[in-house]
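These notes concern the structure reproduced below.
Residue numbers (UniProt numbering): 1 to 602.
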């Protein structure tokens, strides 16, 4: 058993709650732009004073509607300015926010709002409104529904709440917002539900104070008030997005929101954040798109040499003496030709990003650091209020998910499971004592993840306990390592490794719809149908090369011997991905049982 901890850098207030942050900002930084919102195609700054006023006005409307301290209020929307505004308004009314993914089905909505006992819900669109209405007879405690987007005959939720609360006094808001203390629930965040019903994680105001306070202090150079900014495009219904929201307000730094990720490149160029938060697939897409564009422009060899140079340069930074003179000169040349353009695609000002949700992979980690844009990997769960470990900007160790959150402890149990302890942890699952008892023992949260700690306390995640495959030969296989490596190939959208109880390890692959036509064009196969392409020997050979790259990371007994290309995509709508884009392995295994059996047919 090994464990590691770092001293806390932030002291959680003995009393108070997250609404203290916006009041403090209005006093200490009244004219600082703490948020920005998109209006008429342009970014408009919102000062700390203005934001507090808007939050209080909306909170008055909630109070006027009868929302009482401790009540649960659902919030179903894409990532937008109103999400943060209404989140703090709910807290200012003394209530508890219950995020609902904007892609949730009526059944999922019914479960989350019903299980949490929500008395009110705020939704973004008429589609969301209709989805709630379709299950409203099952929501016996739901009394109010407001829509963020205005309609022809009704104002939006913020305007409606502001008007409804016109007669509510400031004193009433102060009284309501002061009812919650640090150990009271701030939010119920429901897990993605890779297996079974989603569980509501009770995260307190203390959880967020401990989490965000220590993240901000450890990364203080990236959270410089008046200078730094972050553009949030992750779902705020996910705990990682919520970390960004609260940490930005706590620092404070300017926070912007993007609802439609298809416009992300343009929004990055116009907002120009100093820091980017994302998941590995975002950074993989940036790399693959840049490489594909270079190849289309006849500059593929130059890009590949530039990428190799960036990786070599990053690796050399970790060696005595650092990069050689020849490598520094080559790096300087490619900075002018390639790297500056890549940084410009990420807004032009950002030098750091924080990535979570899945492993980035060492190659991409070194590539990005080599171009002057360090992607700091972290690790966390809903139950740990997002990041429970992360790489500090001044001591990055690529290939790991970093050191523990200051003030917390990471322990590796005798069976390899990662255990967590600290103030940032959730207090239990809502209405589920059995699951809580299974997950929390003597103050330690059992993550279900397998990992290792090095002598400096850097954590590496190697897989999930429940996902460990045992082949017919008795070999234990952690699928995450090889899956992530294979999925890094531009042509591959998803990879799921199989082989439990089988004679060898196999894999099911889906092809990336964006890069398949590019590959076909570049390889003289543009005339082929999609069906013919997926069976084309040249494409299968390209996919085999991706599988071989994955196999290079593991032993022969763990390597993929055969694979099958599926003619479909794994999506949330198909039921194969959670809202946070995690694979539902049990669903995939059931739906594609025939294809898996075919891998092992004689």
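All C-beta atoms in this analysis are idealised placements derived from N, C-alpha and C, irrespective of residue type, glycine included.
So the candidates are the options; which of them puts its Cα closest to the Cα of residue i?
| i | options | result |
| --- | --- | --- |
| residue 536 | 545, 546, 525 | 525 |
| residue 135 | 106, 402, 162 | 106 |
| residue 504 | 473, 528, 516 | 473 |
| residue 453 | 201, 389, 432 | 389 |
| residue 522 | 217, 296, 148 | 296 |
| residue 231 | 216, 274, 22, 400 | 274 |
| residue 34 | 42, 41, 21, 286 | 21 |
| residue 69 | 115, 322, 185, 471 | 185 |
| residue 495 | 198, 569, 426 | 569 |
| residue 280 | 365, 246, 224 | 365 |
| residue 90 | 124, 161, 45, 115 | 161 |
| residue 271 | 345, 144, 222, 108 | 345 |
| residue 116 | 376, 465, 190 | 190 |
| residue 426 | 417, 441, 259 | 441 |
| residue 77 | 531, 131, 381 | 131 |
Cutting at 8 Å between CB atoms, please list the residues of its own chain near residue i, excluding the five before and the five after it.
| i | result |
| --- | --- |
| residue 492 | 486, 509, 510, 511, 512, 543, 546 |
| residue 603 | Because the chain spans 1 through 602 in this model, residue 603 falls outside it and cannot be assessed. |
| residue 25 | 32, 34, 48, 51, 52, 249, 252 |
| residue 159 | 150 |
| residue 173 | 56, 59, 60, 63, 92, 93 |
With a threshold of 16 other CB atoms inside 10 Å of the CB of residue i, please say whether the residue is buried or exposed.
| i | result |
| --- | --- |
| residue 80 | buried |
| residue 337 | exposed |
| residue 127 | exposed |
| residue 577 | buried |
| residue 402 | buried |
| residue 294 | buried |
| residue 71 | buried |
| residue 211 | buried |
| residue 641 | Not covered by the structure: residue 641. The range shown for the chain is 1 to 602. |
| residue 470 | exposed |
| residue 548 | exposed |
| residue 449 | buried |
| residue 335 | buried |
Leaving out five residues on either side along the sequence, give the residues of the same chain with a beta carbon under 6 Å from the beta carbon of residue i.
| i | result |
| --- | --- |
| residue 370 | 310, 311, 313, 314 |
| residue 363 | none |
| residue 261 | 233 |
| residue 243 | 386 |
| residue 125 | 149 |
| residue 377 | 355, 360, 391, 401 |
| residue 532 | none |
Run through the DSSP bridge pairs and tell me what residue i is partnered with.
| i | result |
| --- | --- |
| residue 643 | Nothing about residue 643 can be read from this structure; the chain reaches only from 1 to 602. |
| residue 404 | 389 |
| residue 200 | 190 |
| residue 275 | 230, 352 |
| residue 452 | 460 |
| residue 564 | 508 |
| residue 254 | 229 |
Quick check: what's the CA-CA separation for residue i versus residue j?
| i | j | result |
| --- | --- | --- |
| residue 408 | residue 2 | 14 Å |
| residue 82 | residue 36 | 11 Å |
| residue 55 | residue 358 | 34 Å |
| residue 94 | residue 265 | 38 Å |
| residue 267 | residue 283 | 16 Å |
| residue 400 | residue 410 | 14 Å |
| residue 342 | residue 290 | 8 Å |
| residue 393 | residue 446 | 28 Å |
| residue 609 | residue 175 | Beyond the ends of the chain as shown, which are 1 and 602, falls residue 609; an answer cannot be given. |
| residue 422 | residue 9 | 13 Å |
| residue 581 | residue 325 | 43 Å |
| residue 225 | residue 527 | 55 Å |
| residue 197 | residue 379 | 23 Å |
| residue 664 | residue 560 | Look at the range of the chain in this structure, 1 to 602, and you will see that residue 664 is not part of it. |
| residue 300 | residue 329 | 21 Å |
| residue 463 | residue 478 | 5 Å |
| residue 109 | residue 204 | 22 Å |
| residue 170 | residue 19 | 14 Å |
| residue 554 | residue 482 | 7 Å |
Using a Cβ-Cβ cut-off of 8 Å, state whether residue i counts as contacting chain B.
| i | result |
| --- | --- |
| residue 597 | Of the protein chains in the structure, only one exists, and it is not chain B. |
Please go through the same chain and pick out, in chain order, the residues whose beta-carbon is closer than 7 Å to the beta-carbon of residue i, but skip the five residues on each side of it.
| i | result |
| --- | --- |
| residue 592 | 508, 566 |
| residue 179 | 69, 94 |
| residue 216 | 223, 247, 250, 251 |
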